[in-house]
Structures are given as structure tokens and as C-alpha cells.
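Okay, so here's the structure we're looking at.
Residue numbers (the numbering used here), protein chains in the order written: chain A, 3 to 116; chain B, 59 to 173.
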């Protein structure tokens, strides 16, 4: 069965600091990878996705993620965070063999201090 | 959010009552997914439906839970005889196709509290 691990449950950064949130998954076959963000009181929004091709994908709001197949990882990065990036971030995976369901990590709560 | 609409946003029930959660997918979407989020945990898949069909219910508890997506109207997640452990946030998502690389768009969720 697939599983997704997010390394840190809580991260606190100052504005302008660089961000990297770890995500590892357990499935060995072909996967689709996603990062979602949930701002306080709002619904989950898609930040970026990887299906195939260039393993470095760029998303909205200056975020990017790199798919490293050999490490089963899909870490999220942003060079310089802003206070408005305070939110909970979820990594998710699905694989064609398992149908369309998304398997989510437990989430990382990011707090950016102004 | 002009996309996936869920209601109610908050639902309070006493133990033993029934809870009905509604989800209207984004316009043009015919694939609906339900997920449950328990405190301090990520979202867990429950069920995937297409109009009038249950495609994958591998995440649904065996008893008390059911889901439907009729030809007309919203998708309904129904929980009978609720218990304290059913307290959670229930999220609905929709997608425009059956391919696994179709992004799922989420609603605001229904927070269910059981007294």
C-alpha cells in the first residue's frame, strides 16, 4: 500500500528565510505527486503537481518541488517565505494502479513570523 | 470559492443521530471523492463516485457509512447512528475526468462534531 511521510509537523520561520518541506512516499511504481496548501479557514488549494517530464516543477506563489525518483521524494521549496505563506501544507500521491484516490501525508504547519 | 461546494460547514449531532453531508462538484465535473481528516492527521480517502456509480469505496468503514451521487443533485455522505469517533472534518473533491493525473479540487469541508 502507498504511504506518504512528511518529516516535520510544525515549522517556524522568519520572513525571507528559505523553506524546504520534506515528502517521501513508499510506492515503487509510476506515481503522480501533488502539494496542496490550506490557508487558515480555507479549502485545500493545489500548489503544484508532477506527472512526468522535468522533475523540477514550478507552482503558484513562487513554490517549486523536485521529484527525485531514486529517493522517493518530492520536497517543496521556496527561496524566501512571506508572512502570508503561513498555512498547512500537504503532500499527496496517487498511482494509476490504485485508482484515483490521493494518499496524503499528515501535513506540515508552517508559521512565518513577520 | 466558485468551485466545489459543501454544506453544511459545521454540523453538530448527538450520538445515535444521522449526519448527512452534501457536496456539489465544480461545474463540468462528474467525479467526486470524499476524504476524512481526523485531528492531527492527514486526509484519508473514503470513497470515489461517478454519477450514479460507486467506483472505489475501499476507504469507507464497513458499517454506518454510505455515499451516493445521484443523476441529479449533490453527492451525499451519510453517517448513521453517529459515535464520538466520527467527529472529524469531511472534505469533498471533484475532478473533470477519470485519469489519475486529473487534479482534484477541494471544497471547504464539513466539520462534524458529535456530542
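From the three backbone atoms N, C-alpha and C, an ideal C-beta is built for every residue, glycine too. Since this is a predicted model, take the numbers as computed values, not measurements.
Per DSSP, the continuous beta strand (DSSP E) segment holding residue 38/A begins and ends at 33–40. With a cutoff of 8 Å on beta-carbon distance, residue 154/B and residue 87/B are scored as near each other. Taking 8 Å as the threshold, the shortest C-beta distance from residue 108/A to chain B falls below it.
Residues of the same chain with a CB within less than 7 Å of the CB of residue 141/B, apart from the 5 flanking positions on each side, are 73 and 172 in chain order.
Looking at the DSSP output, residue 22/A sits in a beta bridge with 79/A. For residue 63/B, the enclosing beta strand (DSSP E) begins and ends at 63–65. Against chain A, the CB of residue 146/B has no partner CB under 8 Å away; the residue lies outside that interface. CA-to-CA, the gap between residue 58/A and residue 166/B works out to about 29 Å.
For the 8 Å CB-CB criterion, residue 29/A and residue 89/A do not form a contact. Close partners of residue 105/A in chain B (Cβ separation under 8 Å): 103.
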